[in-house]
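Visitor: Numbering (the numbering used here), first residue to last: 826 to 1190. The beta-carbon is built from N, C-alpha and C at its ideal position, and this holds for glycine as well. If you scroll down you'll find the structure; I have some questions about it.
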């Protein structure tokens, strides 16, 4: 384990309305043969915009099959090598970015990330999450930081509101996990221990979310990139990504990983499950009731889950929840970064306690 303080970030971060229209201007500084991983729906919506800045030597669009599995990574890797591409780009959501980062890493090419929704903090990180074909978290690949992250907030403002709320849920965990991991000086995804920079950015992320999320959600509903929306997009994309990668993870994301073993949870977005993971971690830590109330009320104000029923697990059995807990408490996952002993039984008890609290809050509304 390295005791060096390590901080990672993209080489360049660009955010603002209509910046996707300048894609060529930015990628020309990186390479001249671009392949873009994109979903079928994204291609239909954005192909004209993507191509508009290229007069000639237009990029190749590679349609994503929907899961960042090893099979899909191999498929894109083969295309990059046979086609001689020297810039690997993804336009879309988190799993597309995981795919592009992994394929770029394996082919030693620079990576450009273009999120079309603010649904998680994957764009600014070097971590690629690998899933099975069935959508269960299988492994993590630590790649290189993106060369460029380009966030068009005009597109983000018109994306489904649920995606912004999920991104807020993912970012909500950043400070709560980083402060816990720092207590134990755990190894971060950046390859060292957290310094003051990672923790400070994580805290700024948390404070920005609490100040502006309700206004940002209203702006998203109206389809406009207001100042509040710009702030929250920056917090959930840049600050959260930098904060978790160089600040550390703990139980909230481990609980998410455990929840993926239950098929009923697959209809819910990453950040929605992470938000319930935040509540679970607070109960694992026996956090002050004032803080639990603050976080729960915040979640309710933006529509984030605080009970198992909010993520499709109304009738989850104790046996099913113990499977979740066993995955979350595994030695290779991040719940063990908490500054006390963590077992499957510890996680199971917190899952049940957080759910009981969440159900109580729902009845009080």
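Return yes when the Cβ of residue 911 is within less than 8 Å of the Cβ of residue 1198, no when it is not.
Guide: Because the chain in this structure spans residues 826 to 1190, residue 1198 falls outside the shown range and cannot be described.
Visitor: Buried or exposed for residue 826, going by 16 or more other Cβ atoms inside 10 Å?
Guide: Position 1 of the chain shown, counted from the start, is the residue given in the question as residue 826. Exposed, because fewer than 16 other Cβ atoms sit within 10 Å of the Cβ of residue 826.
Visitor: Rounded to the nearest angstrom, what separates residue 1041 and residue 1051 at their Cα positions?
Guide: Against the chain shown, residue 1041 aligns to sequence position 216. Against the chain shown, residue 1051 aligns to sequence position 226. Answer to the nearest angstrom: the Cα atoms are 7 Å apart.
Visitor: For a quick check, are the C-beta atoms of residue 1062 and residue 940 less than 8 Å apart?
Guide: Position 237 of the chain shown, counted from the start, is the residue given in the question as residue 1062. Position 115 of the chain shown, counted from the start, is the residue given in the question as residue 940. It is a contact, given that the beta carbons lie within the stated cut-off.
Visitor: Could you give the C-beta distance for residue 973 and residue 916, rounded to a whole number, given that I count them as a contact under 8 Å?
Guide: On the chain shown, position 148 is the one that residue 973 refers to. On the chain shown, position 91 is the one that residue 916 refers to. 12 Å between Cβ atoms; not a contact.
Visitor: Can you list the alpha helix (DSSP H) stretches of 4 or more residues lying completely in the region 943-1019, in chain order?
Guide: The region 943-1019 contains these whole alpha helix (DSSP H) runs: 978-982 and 986-1008.
Visitor: Measure how close the beta-carbons of residue 1096 and residue 994 come, nearest whole angstrom, since I'm counting them as under 8 Å.
Guide: Here residue 1096 refers to the residue found at position 271 of the chain shown. Here residue 994 refers to the residue found at position 169 of the chain shown. That belief holds up - the Cβ atoms of residue 1096 and residue 994 are roughly 3 Å apart, short of 8 Å.
Visitor: Which first and last residues belong to the beta strand (DSSP E) in which residue 840 is found?
Guide: Counting from one through the chain shown, the residue named residue 840 turns up at place 15. Start and end: 838-841.
Visitor: Take every Cβ of the region 1096-1110, pair it with every Cβ of the region 1176-1188, and state whether three or more of those distances are shorter than 8 Å.
Guide: Because the criterion of three Cβ pairs below 8 Å is met, the region 1096-1110 and the region 1176-1188 touch.
Visitor: Our contact map puts residue 948 next to residue 1066 with C-beta atoms below 8 Å; I'd like the distance itself, whole angstroms only.
Guide: Counted from its first residue, the chain shown places residue 948 at position 123. Counted from its first residue, the chain shown places residue 1066 at position 241. Yes, residue 948 and residue 1066 are in contact; Cβ-Cβ is about 6 Å, under 8 Å.
Visitor: Could you tell me which residues DSSP puts in a beta bridge with residue 917?
Guide: Here the question's residue 917 lines up with position 92 in the chain shown. Answer by DSSP bridge pairing, in chain order: 940.
Visitor: Under 8 Å, Cβ to Cβ, is there at least one residue of chain C near residue 1018?
Guide: In the structure shown, chain C does not exist; there is a single protein chain.
Visitor: Please classify residue 1004 as buried or exposed, where buried requires at least 16 other C-beta atoms within 10 Å of its C-beta.
Guide: For the purposes of this step, residue 1004 is taken as residue 179 along the chain shown, with counting starting at 1. Under this definition residue 1004 is a buried residue.
Visitor: Rank 871, 913, 982 and 828 by C-alpha distance to the C-alpha of residue 930 and give the top, closest one.
Guide: Sequence index remark: in the chain shown, residue 930 carries index 105 (1-based). The shortest C-alpha separation from residue 930 is found at 913.
Visitor: When you compare the region 981-998 with the region 1043-1050, are there three or more beta-carbon pairs, one atom per stretch, that lie closer than 8 Å?
Guide: Flag = yes, the region 981-998 and the region 1043-1050 touch.
Visitor: Would you be able to state if there are at least three C-beta pairs under 8 Å between the region 950-969 and the region 1027-1041?
Guide: They do not touch, by the three-pair rule.
Visitor: If you run the structure through DSSP and keep just helix, strand and coil, what is residue 1190?
Guide: Within the chain shown, numbered from 1, the residue matching residue 1190 stands at position 365. The answer is coil: DSSP assigns residue 1190 none of H, G, I, E or B.
Visitor: Near residue 851, what residues of its chain come up, given a Cβ to Cβ distance below 7 Å and the 5 sequence neighbours on each side ignored?
Guide: Along the chain shown, one-based indexing puts residue 851 at 26. Only 839, 973 and 975 meet the Cβ criterion.
Visitor: List the endpoints of the continuous alpha helix (DSSP H) containing residue 898.
Guide: The residue given as residue 898 occupies position 73 in the chain shown. Here the alpha helix (DSSP H) through residue 898 covers 895-908.
Visitor: Looking at C-alpha atoms only, which residue of 922, 957 and 1119 is the closest neighbour of residue 951?
Guide: In the chain shown, residue 951 corresponds to position 126, counting from 1. It is 922.
Visitor: In this structure, does DSSP put residue 1085 in helix, strand or coil?
Guide: As a position in the chain shown, residue 1085 is number 260, starting the count at 1. Three-state DSSP puts residue 1085 in coil, outside helix and strand.
Visitor: Touching or not, the region 885-894 and the region 861-871, by the rule of three or more beta carbon pairs under 8 Å?
Guide: Contact between the region 885-894 and the region 861-871 is present, because at least three Cβ pairs lie under 8 Å.
Visitor: Would you decide whether residue 1159 is buried or exposed? Buried here means 16 or more other CB atoms lie within 10 Å of its CB.
Guide: Position 334 of the chain shown, counted from the first residue, corresponds to residue 1159. Label assigned to residue 1159: buried.
Visitor: If you draw a straight line from the alpha carbon of residue 1187 to that of residue 1126, how long is it in whole angstroms?
Guide: As a working mapping, residue 1187 is identified with position 362 in the chain shown. As a working mapping, residue 1126 is identified with position 301 in the chain shown. Taking the straight line from one Cα to the other gives about 12 Å.
Visitor: Within a Cβ cutoff of 6 Å, which residues of the same chain sit near residue 843, ignoring the five residues on either side of it in sequence?
Guide: What you label residue 843 is simply residue 18 of the chain shown in a count that begins at 1. 979, listed in sequence order.
Visitor: Between which two residues does the alpha helix (DSSP H) carrying residue 859 extend?
Guide: Counted from its first residue, the chain shown places residue 859 at position 34. Premise fails: residue 859 lies in the beta strand (DSSP E), 859-863, not in any alpha helix (DSSP H).
Visitor: If we ignore side chains and look at the alpha-carbon of each, how far apart do residue 1054 and residue 1044 end up?
Guide: The residue you call residue 1054 lines up with position 229 of the chain shown. The residue you call residue 1044 lines up with position 219 of the chain shown. For residue 1054 and residue 1044, the distance between alpha carbons rounds to 6 Å.
Visitor: Hey, how far is the Cα of residue 1026 from the Cα of residue 855?
Guide: On the chain shown, position 201 is the one that residue 1026 refers to. On the chain shown, position 30 is the one that residue 855 refers to. Roughly 27 Å between the two C-alpha positions.
Visitor: Starting from the C-beta of residue 909, find all residues in its chain whose C-beta is less than 8 Å away, skip the five residues before and the five after it, and write them out in chain order.
Guide: Numbered from its first residue, the chain shown carries residue 909 at position 84. For residue 909, where only same-chain residues beyond five positions count, the Cβ hits under 8 Å are 858.
Visitor: Taking 8 Å as the threshold (C-beta atoms), are residue 1060 and residue 1011 in contact?
Guide: The residue given as residue 1011 occupies position 186 in the chain shown. The residue given as residue 1060 occupies position 235 in the chain shown. Against a cut-off of 8 Å, the Cβ pair of residue 1060 and residue 1011 comes out as no contact.
Visitor: Please go through the region 1027-1087 and give each complete alpha helix (DSSP H) segment of 4 or more residues, from N-terminal end onward.
Guide: DSSP runs (the alpha helix (DSSP H)) wholly in the region 1027-1087: 1052-1059, 1065-1072 and 1076-1084.
Visitor: Nearest to residue 1080 by CA position, among 938, 877, 902 and 1155, is which residue?
Guide: Here the question's residue 1080 lines up with position 255 in the chain shown. Closest by alpha carbon: 1155.
Visitor: Taking 8 Å as the cut-off, decide whether the C-beta atoms of residue 927 and residue 898 are in contact.
Guide: Sequence index remark: in the chain shown, residue 927 carries index 102 (1-based). Sequence index remark: in the chain shown, residue 898 carries index 73 (1-based). Going by C-beta atoms, residue 927 is nearer than 8 Å to residue 898.
Visitor: Helix or strand or just coil, what does DSSP make of residue 1103?
Guide: Here residue 1103 corresponds to residue number 278 of the chain shown, with the count starting at 1. In this structure, residue 1103 counts as helix in the three-state DSSP scheme.
Visitor: Identify, in the order they occur along the chain, each residue of the same chain with its Cβ nearer than 8 Å to the Cβ of residue 878, setting aside the five sequence neighbours on each side.
Guide: The count along the chain shown starts at 1 and reaches residue 878 at position 53. The residues are 846, 847, 848, 849 and 850.
Visitor: Just to confirm my understanding: we take residue 1164, look at its own chain, exclude 5 residues before and 5 after, and list those with CB closer than 6 Å. What are they?
Guide: The residue given as residue 1164 occupies position 339 in the chain shown. Closer than 6 Å at Cβ, skipping near neighbours: 1008 and 1009.
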